[in-house]
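Read in order, the letters of the sequence shown are residues 1 to 88 in the UniProt record's numbering. By construction, the Cβ of each residue, glycine as well, lies at the ideal position given by its N, Cα and C atoms. Report on one structure; see the data block that follows.
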Amino acid sequence: MVQNDKGEEVSTHLTSDQEKTTFTCPFGTYAYRRMPFSLCNAPSTFQRCMLSIFSDMVEHIMEVFMDDITVYGSAFDECLVNLEVVLN
Numbered sequence: 001m002v003q004n005d006k007g008e009e010v011s012t013h014l015t016s017d018q019e020k021t022t023f024t025c026p027f028g029t030y031a032y033r034r035m036p037f038s039l040c041n042a043p044s045t046f047q048r049c050m051l052s053i054f055s056d057m058v059e060h061i062m063e064v065f066m067d068d069i070t071v072y073g074s075a076f077d078e079c080l081v082n083l084e085v086v087l088n
């Protein structure tokens, strides 16, 4: 689970669908414990998680697109302050 700034928990674990990620190879049978990026819904789920985690900052001091984060401000010093807020 990942907790956002609002205290809401966002799941990154596969629970009920874990058996759907099972695969077999010469070394045994395995299943993913976390969502792999190869699943068709993984990118949209990851995007939702990122937006949920940074929900209070998106469109105010930053933008998020998948794993790309852009922090902005009207001046360089403001950008540095905003970056510190995001990193904390």
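query	result
T45 lies in the alpha helix (DSSP H); which residues open and close that run?	42 to 53
Would V86 pass as a contact of M57 if the rule is Cβ separation under 8 Å?	yes
Compare the Cα-Cα distances from Y72 to each of M66, I53, I61 and report the closest residue.	I61
For A31, which residues in the same chain have their Cβ closer than 6 Å to its Cβ, ignoring the five residues on either side in sequence?	Q18, T21, T22
With V64 and F76 assumed to form a contact (beta carbons below 8 Å), what rounded beta-carbon distance in angstroms separates them?	The pair is not a contact, with the Cβ atoms about 21 Å apart (cut-off 8 Å).
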